[in-house]
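Peer 1:
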Amino acid sequence: MKFRLALATSIFLSFFSGNLMAQDLDTGRVLYGICSACHGPNGEGLAALNGPRIAGQQAWYTERQLINFKSGARGSDARDVYGQQMAPMAQTLTTDQAIKDVSAYIESLGG
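Residue numbers (the numbering used here): 47 to 157.
1. Is it true that the CB of Ala-105 sits closer than 7 Å to the CB of Gly-121?
2. What residues in its chain sit with their C-beta under 6 Å from that of Ile-145, if we drop five residues either side in the sequence?
3. Suppose the cutoff is 7 Å on Cβ atoms and the five residues either side in sequence are ignored; what does the same chain contact list for Ser-154 look like?
4. Please report how far the alpha carbon of Tyr-107 lies from the alpha carbon of Thr-73, in whole angstroms.
5. For Ile-152, is the classification buried or exposed, using 16 other Cβ atoms within 10 angstroms of its Cβ as the cut-off for buried?
6. Give the single residue among Ala-101, Val-76, Thr-141 whose Cα lies nearest to the Cα of His-8.
7. Measuring CB to CB, does Gln-69 end up less than 7 Å from Ala-150?
8. Quick one: give me the first and last residue of the alpha helix (DSSP H) that Glu-109 is part of.
9. Measure the CB-CB distance between Pro-98 and Gly-89 and report whether it falls below 7 Å.
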């Protein structure tokens, strides 16, 4: 029982402490520069490059997708041509804070 409580507390604290890290929109804007090649300067998406619109996407969702691309959970299947293009782009975000910053910036672009 004590182990379960300790585990649940640990998971709870790690989840919320990670989400309490302050995001830096200025850093996110700079990091977004590479993203704009496919997603457009305002996150509007570029159909010619199959870059979807991401402006206003909730930060938690963008963070999750970037983590999935970095870990290989997305973009590693040979049939996923666009995912394979995105996976190396996600690798340019070298820290968790960078992912949070760019995700917050994307959310700030509005829907």
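Using N, Cα and C, we set each Cβ at its ideal position, and we do this for glycine too.
Peer 2: So, from the data block:
1. no
2. Glu-109, Leu-112, Leu-139
3. Leu-71
4. 19 Å
5. buried
6. What the structure shows of the chain is the stretch from 47 to 157, and residue 8 is not part of that stretch, so it cannot be assessed.
7. yes
8. 105–117
9. no
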